[in-house]
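Worksheet: the structure to be examined is printed underneath.
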Amino acid sequence: MAAAAPASSAPARGPLGLLRRPWPDRRAELLLGAVACTILAFVLGMVVFVFANAWPSFRENGLGFFGAPPAGATVDQQLSEILQAPADPARWTYELNAWPLLWGTLLTTAGAIVIGTVFATFAALFLVEFAPARVRAVLAPVVTLLAGVPSVVYGLIGILAVAPQVAKLISDERKQSVAGIISLTGESWTVGVLILTMMIVPVMVAIIAESLRQVPNAWKEGAMACGVNRFRVAWTISVRTARPAIVAAAVLATARALGEAIMLAMVTGSVAFAPQPIDGPTFFFEPTRPLAATIVAYSEGLSVKPFAQTIYAFAALLLLSAMALSLIGWAAKQPMRKYGIRA
Amino acid sequence: MIENRRSWALRDRLGFYACWAAGLALCAIAAAVAIYMLVKGVSELRPAMLFERPSDGVDQRGQGGLLDPIAGSLLVTTIGIAIALPLGVGVALWLVEYARPFWLARLVESGVEVIAGTPSIVLAVFGLILFSESFLSVLSFKPEGADTAFGRSFLIAGAMMSLIALPLIVGATREGLNAIPGHVREASYALGKTKAATIRRVLLPTVRPNIAAGTALGMGRIIGDTAIIVILLGATARLQPLEDVFGPAGPLRGTGSTLTSFVYNNSPAGEGGAFEKAYAAAFVLLLIVVVLNLVVARIAGGAARQGGR
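Here it is as structure tokens:
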């Protein structure tokens, strides 16, 4: 390859000659800067575009957008109403009360984050502090591998292996009690929480373990020398130092859980229904459909203008929460700098 | 270690056992996923399926294999990486080596963070509207009598997929560049090399393992992403090249499927209805992900052995 020749050799000819010749600094800086600015322009374009397109839906619905649909109507009915838009823009309808979708998103995300954070903290502590060397050697690569498993594979396991088992737990009386409103098939928000937890825990363990490893050994040894037992040392020194990393991991996992569309569309039953806590134990078997999954379910309707704007309202909410979360995540990492630990 | 755990306070002992329980549960989950997929995969996947085309149409119960989804996955990944690699390395180089003016560098940094945080489903719907603009119809095609482009093709899916890999490549390259000590650059300047020549002859060869690791991570993410494929690839089981175009542009501007969309369409949530083929495709997908993971581990291990990073 000509690139191996010294840079001061005669300029190469041909169409690639311009690239092979040594570059003036100015041109290199401008080119790289232009690449960076392209990315920036794309992001700005996307954010402006999504919010501008989402605006009509928010404007027409006002705060009702976040409310529950009136009695007798469901979100799915409202959505198909919007989908059958007439050609005349003056007669377009935007009426939508998206509370069931928001509630479904909230339930699945919060459930998975709460269980996942506790579980991942203990698992990371085990991985870094307590696991015998042989277990650690197996567990560490397994965690990275689990973090890389595609969500659709988790979804497949959820819908074909977990949901049928859950369905066996539902008695006929329970199915009768909600007949005519929803059907309990085993695909439910709890299965969504379960699979979502499986998906986010490896990512969280990786982040928390990384910062637990960076806790200075001298701190732990000092405590041990005072006769503090191993768990108390790990809990009061390592975990407390890594607290910002735990928050950062939870924030990242929240972003992932909010945006997870395909897996949740597969396992939560795909009905725009808000599970009712007053239903007692039945609550845990009720289906729902989070925002992101709703976008997947209705992606065919994007060619209808008012419907696309409704979908963009969902996308805008997701984008807004993703940006807020990345801000929170950045702020959460700041205290780590104090100790010279880069999370 | 001499340790009498019975002398510990009760809550310390409980916490200790909770750690063990969590660790073992993680192992159990990993083993369960691996064994379940292995059993299902081995029993459903016939070697011939790898070289058979899927049946033409929605219903996949019956004859047919996985050739088109595998080819589709490779095609989308190639397009995505081909776009993301130069962009990502360029952005990382600019951020670490130039970053002037300062405020612009901070903005670009947050821009990359926003891309990393944006759910792929949002990227997908944005891509669909963007590429439906008729002046971009060269990337897909324009249906008869319509005033917008179709907005679904391999090129479009690959272009949006590149955004999934971009933050990973930028992050890995930046990390590598930051780890190079300043005196290496200064030695190069002292020899009379320009900054641009230093980047090309000194810095880029040094961070090559980081770039490779970031790229492999990005490939794993692209191969595993479903939302963008379901919305932007047109969801036809077979590759459908544009008929009036010959050469490589036909399939690139046409529609098709990947392993992920094949799994989704054949799960109970989709329309294909062939669960056993979904298992087979998921198994192939997992194998690819495992291989990519091994590649990343090998690159990281090689870099560690060199004593560099």
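Chains A and B, in that order, are what the protein sequence lines are.
Just so we're aligned: the first sequence equals residues 1290 to 1632 in the working numbering.
Just so we're aligned: the second sequence equals residues 3 to 311 in the working numbering.
For glycine and all other residues, C-beta sits at the position ideal for the given N, C-alpha and C.
Taking A:I1471 as the centre and dropping the five residues before and after it, the same chain places the C-beta of V1560, F1562, E1575 and P1576 closer than 7 Å to its C-beta, in chain order. Contact residues of the region 106 to 121 of chain B toward chain A are L109, V110, G113, V114, E115, V116, I117, G119, T120 and P121 (C-beta to C-beta distance below 7 Å). Annotation for A:E1499: the continuous alpha helix (DSSP H) segment containing it runs W1478 to R1502.
The beta carbon of A:G1437 falls within 8 Å of a beta carbon belonging to chain B, placing the residue at that interface. Cβ-Cβ separation between A:L1435 and B:A32: approximately 6 Å, consistent with a contact (criterion under 8 Å). Around the Cβ of A:W1524, a 10 Å sphere holds 16 or more other Cβ atoms; the residue is buried. Contact annotation for A:L1329 against chain B: L109, V110 and G113 [CB-CB distance below 7 Å, chain order]. Interface annotation for the region 1387 to 1417 of chain A against chain B: F1408, F1411, A1412, L1414, F1415 and L1416, criterion Cβ-Cβ distance under 7 Å. Distances from the CA of A:V1431 to each of B:F285, B:T257, B:A34 and B:G272 were compared; the closest alpha carbon is that of B:A34. Contact holds between the region 78 to 88 of chain B and the region 166 to 177 of chain B, because three or more Cβ pairs, one in each stretch, are under 8 Å apart. Residue pairing from DSSP places A:G1558 in a beta bridge opposite A:T1577. The C-beta distance from B:V265 to A:L1445 rounds to 6 Å, short enough to fall under 8 Å. The continuous alpha helix (DSSP H) containing A:T1394 extends over residues W1388 to L1414. Interface with chain A (8 Å Cβ-Cβ cutoff): B:T196 is included.
The beta carbon of B:L97 lies closer than 8 Å to those of A107, V110, E111, V172 and R176 in the same chain, with the five residues before and after it left out.
Taking A:L1449 as reference, the option from B:A280, B:A23, B:G82 and B:N295 with the minimal CA-CA separation is B:A280.
Chain-ordered, the chain B residues with CB closer than 9 Å to the CB of A:P1313 read T196 and A198. Looking at the DSSP output, B:T257 bridges to B:Q242.
A:I1371 is a Cβ neighbour of A:L1385, given a cutoff of 8 Å. Under the Cβ distance rule, A:M1493 does not count among the residues neighbouring chain B, no pair being separated by less than 8 Å. For A:G1516, the closest Cβ of chain B is not nearer than 8 Å. Assigned with DSSP and collapsed to three states, B:G66 falls in strand.
For B:P56, the secondary structure class from DSSP, reduced to helix, strand or coil, is strand. With contacts defined by Cβ atoms closer than 8 Å, A:A1507 and A:K1622 do not form a contacting pair.
When CB distances to chain A are screened at a threshold of 7 Å, not a single residue of the region 172 to 192 of chain B falls below it. In this structure, the beta-carbon distance from A:V1522 to A:A1512 falls below 8 Å. Only residues of its own chain outside the window of five on either side were considered, and among them E99 and Y191 have a CB closer than 8 Å to the CB of B:K197, listed in chain order. Taking a beta-carbon distance threshold of 8 Å, B:A229 counts as an interface residue toward chain A.
At a cut-off of 8 Å between C-beta atoms, A:L1352 does not count as an interface residue with respect to chain B. For B:T217, not one C-beta of chain A is nearer than 8 Å to its own C-beta. With at least 16 other beta carbons inside 10 angstroms of its own, B:N267 counts as buried. If you draw a straight line from the Cα of A:G1447 to the Cα of A:M1335, it is about 33 Å long. If you compare the alpha carbons of A:G1590, A:G1569, A:T1543 and A:F1419 with that of B:G119, the shortest gap goes to A:T1543. For B:T208, there are no neighbours in chain A by C-beta distance under 9 Å, as the nearest C-beta there is about 15 Å away. Here B:T217 has I83, L87 and I171 as same chain residues with Cβ atoms under 7 Å from its own Cβ, once five neighbours each way along the sequence are excluded.
Under the three-state reduction of DSSP, B:L289 is assigned to helix.
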